[in-house]
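Numbering-wise, our numbering comes out as the position in the sequence shown, counting from 1, plus 904. All residues carry an ideal CB built from backbone N, CA and C; glycine is no exception. Note that the structure is a prediction, hence the values are computed from the model and not measured.
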Amino acid sequence: MEKIPLECESSQEGIPELTVDFKKIFAIDADFLYHQINNNFAKRRAVLESPYLEDFSHRYHDFHGRVALPAQHESEKGV
């Protein structure tokens, strides 16, 4: 993901370029997260807006929805 310049980020610190690893995923309970934000234990720094949100979601589902084959398909050459 591209870096977020400081003028576009809520704490005015900026966010460096990030990499997303879809192999290592975890979940955070939404109620817990909002509780952390509402009680100033955590802060929302940026929001992924459309069409970037849809692109991110599509890439996630493409990765996890792929069909695992036992071996890579090889075509016959010269036939």
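*asked:* Here's a check: name, in chain order, each residue in its chain whose Cβ is nearer than 7 Å to the Cβ of Lys927, leaving out the five neighbours to either side.
replied: none
_How far does the alpha helix (DSSP H) with Ile900 in it extend, from its first residue to its last?_
In this structure the chain extends from 905 to 983, so residue 900 is not present and cannot be described.
*asked:* Do Ile919 and Ile908 have their beta-carbon atoms positioned less than 7 Å apart in this structure?
replied: yes
*Excluding the 5 residues preceding and the 5 following Gln916 in the sequence, name in chain order all residues of the same chain whose CB lies nearer than 6 Å to its CB.*
Leu910
*Between which two residues does the alpha helix (DSSP H) carrying Ser961 extend?*
956-968
*Nearest to Arg948 by alpha carbon, out of His939, Ser954, Pro955, Tyr956?*
His939
*According to DSSP, what are the bridge partners of Ile908?*
Ile919
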